[in-house]
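Engineer: Sequential numbering of the first sequence, starting at 3, is according to my numbering. Each residue gets a CB set at the ideal place from its N, CA and C atoms; glycine is no exception.
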Amino acid sequence: MSGRNVFSETQLFYSSRPLRRSSNIMTEPFTSIKSLPEHVGERVTLKGWLYNKRGSKALYFLILRDGTGLVQCVVNQDNVDETSFAVAETATQESALEIVGTVNADERQVGGVEIHAESATLIAQAESYPITPKEHGVEFLMDNRHLWLRSQRQWAIMRVRNRIIMAIHAYFQSEGYIQMDPPVLTGNAVEGTSTLFELEYFDKPAYLTQSGQLHGEAMAMAHGKIYTFGPTFRAEKSKTRRHLTEFWMIEPEMAFYDLDMDMQVAEELLLAIVGDVLRDCRDELEILGRDFAKLDLIQGPFPRISYDEAVELLHSDETQRILDAEHEETTAEEKVLKEERTANRAAYGQAKKGEKRRIDAREIDINKRLDEIEEDLRNIPAWKESAANFEWGADFGGSDETVLTKHFDRPIIVHRFPAVIKAFYMKRDPEDDRLALGMDVLAPEGYGEIVGGGERATDLAFLKQQVQDHGLPEEVFDWYFDLRRYGSVPHSGFGIGLERTVAWICGLHHVRETIPFPRLMGRIHP
RNA sequence: UCCUCGGUAGCUCAGCGGUAGAGCAUGCGGCUGUUAACCGCAGGGUCGUAGGUUCGAAUCCUACCCGGGGAGCCA
3 MSGRNVFSET QLFYSSRPLR RSSNIMTEPF TSIKSLPEHV GERVTLKGWL
53 YNKRGSKALY FLILRDGTGL VQCVVNQDNV DETSFAVAET ATQESALEIV
103 GTVNADERQV GGVEIHAESA TLIAQAESYP ITPKEHGVEF LMDNRHLWLR
153 SQRQWAIMRV RNRIIMAIHA YFQSEGYIQM DPPVLTGNAV EGTSTLFELE
203 YFDKPAYLTQ SGQLHGEAMA MAHGKIYTFG PTFRAEKSKT RRHLTEFWMI
253 EPEMAFYDLD MDMQVAEELL LAIVGDVLRD CRDELEILGR DFAKLDLIQG
303 PFPRISYDEA VELLHSDETQ RILDAEHEET TAEEKVLKEE RTANRAAYGQ
353 AKKGEKRRID AREIDINKRL DEIEEDLRNI PAWKESAANF EWGADFGGSD
403 ETVLTKHFDR PIIVHRFPAV IKAFYMKRDP EDDRLALGMD VLAPEGYGEI
453 VGGGERATDL AFLKQQVQDH GLPEEVFDWY FDLRRYGSVP HSGFGIGLER
503 TVAWICGLHH VRETIPFPRL MGRIHP
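What follows is the structure, given as structure tokens:
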């Protein structure tokens, strides 16, 4: 598309790469760990927190964390004054430190450098830190989310999240979209189906928004192409790895765009996100253990599959074969893991202390995975049945979505759904009145629906009828109807869930790790 | 709302009718190149809560509370 030349400039502007040294020195009288490879042989001042420590009587290795990376600082009794050495001896995990020393290249270390310290100064001694360098359970980590964010994996995820946010802005800005902020407090339900958080608004009921789309449509009639970027609230009682009660959604809305163009935008946006993350977040993806090959496969065009074709696919023998193969693979993995566990337990008695700890940690991993496997093995027969007996007119369940994506190695776009299962504002397919011009993008690897949208209805009488048929109060939509009274045009848009996208790109098990402070059913603290 | 798994030391877990355990973390001691460093010693528990069964309950039963992940619904 035209305007791509702007993209590269915008890209630079939004880049998450470190600032250039000149500007860095002007604003900060200390050096970031990330930039240390540029300072080999130089004397630098570092400020950060003690991530981990190893040592002996006269030599300590301090692993320092400053938010940009980790580096090992060697504190040798012969090279520092007494106070500095005492700091190295007594500093506890997460104590804040300032360290001055020279940068030495050392291939053995993380980041390829280590610091030979001249001095160490204590900024603040930390109390006994709850998150120790070992395995922790979900509940404990969630209770300590404010501290968990300092851990490497969480750090990497937040970096990728930031990069994805910037990629989204860069894409839309370069394509001539205007960012708009829709209201968070609303008096109307867009879909009418989801449960809303209700609150009191000067003695009247109001709701936290579940979508900015309707207001986005109004803005699109003023600017042509717009996108929202803001929080969304759903009071659904969903306790699954894909649900948050508060999440961030991006909703573009384009005047004079039909369904095909809408799908094109969704595809381009996702390709831009994957491309930017792959280019700028290699280290982060490495920390997360993400399989690069899986992301390299994400290239256009994404398969477009009609709802009818999707139903056929669910009914196909190939679907049954895929699920049978999965059942077999999972059973085989279960066997291998159980054998390893048995072997580990047999070796445990004679094992040294360090080895015992490794076995313990491995046992936790194995048990966690075995729980998942057990669940999958229980579910696969149900998935097979759900797919085989899927009836035209129903909405896809979570397992159906997963099964559909297993036929492909990249995201797929499913379009033209039965109108009855879609929102009232969707335009009908002129070729088949039973269908709505909606589309969903399903991410691969079981991540499911990350985009939902479609072409909007333009006819006032039809919309009014729809509102009535859905049992919605007509009066709250008066302003929305006006958009059809004053120059109604074909237009389309979609919503993309930020957290589900981050989970997919990072290869995470649960969306709760994709947002700094997740809000879940039964969890609103910290 | 339903189904399912769990709650034992600060953390991760073992123990499943007969004296409350391990590793990590913490404290003390040792060690000049460690990579979740290592070695020794020590402190640390109303076994989620309330009932019940029993000579005896962390263990068995009932109810409740809290959490995990799944269904429905959805991004």
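State the beta-bridge partners of Cys-75 as determined by DSSP.
Structural biologist: DSSP output for Cys-75 lists Leu-64, Ile-117 as bridge partner(s).
Engineer: Pull up the distance between the alpha-carbon of Glu-109 and that of Val-115, whole angstroms please.
Structural biologist: Roughly 7 Å between the two C-alpha positions.
Engineer: Just verifying my parser: in three-state terms, what is the DSSP assignment at Asn-26?
Structural biologist: For Asn-26, the predicted structure reports a pLDDT of 48, less than 50, and the residue's modelled location is therefore unreliable. A value from the coordinates is still provided. Three-state result, Asn-26: helix.
Engineer: Kindly give me the distance between the Cβ atoms of Gly-495 and Gly-218, rounded to whole angstroms, as I take these residues to be in contact under 8 Å.
Structural biologist: Between Gly-218 and Gly-495 the Cβ distance is about 6 Å, and since that is below 8 Å, they are a contact.
Engineer: Touching or not, the stretch 455-475 and the stretch 487-504, by the rule of three or more beta carbon pairs under 8 Å?
Structural biologist: Judged by Cβ distances under 8 Å, the stretch 455-475 makes contact with the stretch 487-504, as three or more pairs qualify.
Engineer: Using three-state DSSP, classify Met-523 as helix, strand or coil.
Structural biologist: Of the three classes helix, strand and coil, the one that applies to Met-523 here is coil, per DSSP.
Engineer: Taking Cβ to Cβ, would you say Ile-35 is nearer than 8 Å to Leu-72?
Structural biologist: Result yes, Cβ atoms of Ile-35 and Leu-72 sit closer than 8 Å.
Engineer: Quick one: give me the first and last residue of the beta strand (DSSP E) that Gln-181 is part of.
Structural biologist: Gln-181 -> beta strand (DSSP E) spans 180-182.
Engineer: Express the C-alpha separation of Tyr-488 and Glu-30 in angstroms, rounding to a whole number.
Structural biologist: Rounded to whole angstroms, Glu-30 to Tyr-488 spans 55 Å at the Cα level.
Engineer: Would you mind working out which of Gly-232, Pro-207, His-417, Asn-54 sits nearest Glu-311, comparing C-alpha positions?
Structural biologist: Among Gly-232, Pro-207, His-417, Asn-54, the Cα nearest to that of Glu-311 is on His-417.
Engineer: What is the residue span of the beta strand (DSSP E) that Ala-208 lies within?
Structural biologist: Looking at the DSSP string, the run of the beta strand (DSSP E) that includes Ala-208 is 206-210.
Engineer: Measuring CB to CB, does Glu-255 end up less than 8 Å from Ile-275?
Structural biologist: Contact: no.
Engineer: Can you tell me whether Asp-434 is helix, strand or coil according to DSSP?
Structural biologist: The answer is strand: DSSP assigns Asp-434 an E or B state.
Engineer: Leaving out five residues before and five after Phe-464 in sequence, what residues of the same chain have Cβ atoms less than 8 Å from its Cβ?
Structural biologist: Cβ within range, chain order: Arg-430.
Engineer: Would Val-102 and Arg-45 be called neighbours here (beta carbons separated by less than 8 Å)?
Structural biologist: Result yes, Cβ atoms of Val-102 and Arg-45 sit closer than 8 Å.
Engineer: Just to confirm, are Ala-237 and Thr-197 a CB contact at a threshold of 8 Å?
Structural biologist: Result yes, Cβ atoms of Ala-237 and Thr-197 sit closer than 8 Å.
Engineer: Given Asp-402, which residues of its chain have a CB within under 7 Å of its CB, disregarding the five upstream and five downstream residues?
Structural biologist: Taken in chain order, the residues that qualify are Leu-316, Ser-388, Ala-389, Phe-392.
Engineer: When you compare only the Cα positions, how much space is there between Gln-175 and Leu-272?
Structural biologist: In a straight line, the C-alpha of Gln-175 is about 15 Å away from that of Leu-272.
Engineer: Only counting runs of 4 or more residues, tell me where the alpha helix (DSSP H) segments fall wholly within the stretch 305-368, in order along the chain.
Structural biologist: Complete alpha helix (DSSP H) runs here, min 4: 309-317, 319-350.
Engineer: What residue from Asp-397, Pro-432, Val-162, Met-168 has the CA that sits closest to Phe-419's CA?
Structural biologist: Considering only alpha carbons, the answer is Asp-397.
Engineer: I'd like the list of long-range same chain contacts for Phe-15, defined as Cβ closer than 7 Å, with 5 residues on each side in sequence excluded.
Structural biologist: In this predicted model, Phe-15 has a pLDDT of only 45, less than 50, meaning its place in the structure is not dependable enough to derive any value.
Engineer: So the beta strand (DSSP E) His-417 belongs to, where does it begin and stop?
Structural biologist: Run containing His-417: 414-420, per the beta strand (DSSP E) assignment.
Engineer: Answer with buried or exposed for Ile-526, where buried requires no fewer than 16 other C-beta atoms within 10 angstroms of its C-beta.
Structural biologist: Exposed, by the Cβ-count rule.
Engineer: Which residue comes first and which comes last in the beta strand (DSSP E) that contains Ser-58?
Structural biologist: Counting along the chain, the beta strand (DSSP E) containing Ser-58 begins and ends at 45-58.
Engineer: Take Gly-356 as the anchor and find which of Thr-104, Lys-136, Trp-150 has the nearest alpha-carbon.
Structural biologist: That would be Lys-136, whose Cα lies nearest to the Cα of Gly-356.
Engineer: Can you check DSSP and say which residues form a bridge with Tyr-203?
Structural biologist: For Tyr-203, which the question treats as bridged, DSSP gives the partners Lys-206.
Engineer: DSSP has Arg-458 in a bridge; who is on the other side?
Structural biologist: Beta-bridge pairing links Arg-458 to Met-428.
Engineer: On a CA-only basis, which of Tyr-427, Ala-60, Phe-410, Gly-113 is nearest Ile-307? Give me that one, please.
Structural biologist: Nearest of Tyr-427, Ala-60, Phe-410, Gly-113 to Ile-307, Cα basis: Phe-410.
Engineer: Going by beta carbon distance, what residues of the same chain come within less than 7 Å of Tyr-53, once the five residues before and after it are set aside?
Structural biologist: The answer, listed in chain order, is Ile-65, Leu-66, Arg-67, Leu-72.
Engineer: Measure the beta-carbon distance from Leu-187 to Tyr-203 and round it to whole angstroms, keeping in mind my assumption that it falls under 8 Å.
Structural biologist: Contact holds; Cβ gap of about 6 Å.
Engineer: Between the stretch 435-453 and the stretch 506-519, do three or more beta carbon pairs fall short of 8 Å?
Structural biologist: Yes: at least three Cβ pairs fall under 8 Å.
Engineer: Can you tell me the Cβ-Cβ gap for Leu-297 and Thr-332, rounded? I've got them flagged as a contact below 8 Å.
Structural biologist: Not confirmed; about 24 Å, so no contact.
Engineer: When the Cα atoms are used, what is the spatial distance from Gln-266 to Trp-250?
Structural biologist: Their Cα atoms are separated by approximately 22 Å.
Engineer: Could you name the residues of the same chain whose beta carbon sits closer than 8 Å to that of Leu-522, not counting the 5 residues immediately before and after it, in chain order?
Structural biologist: Counting only Cβ-Cβ distances below 8 Å, and skipping sequence neighbours, we find Lys-241, His-245, Leu-246, Thr-247, Arg-514.
Engineer: From Asp-285 to Phe-294, what does the alpha carbon distance come to, in whole angstroms?
Structural biologist: Roughly 11 Å separates the two Cα atoms.
Engineer: Below 8 Å on the Cβ atoms is my guess for Leu-474 versus Phe-426; work out the distance and round it to an integer in Å.
Structural biologist: With 8 Å as the limit, Leu-474 and Phe-426 qualify as a contact, their Cβ atoms being about 7 Å apart.
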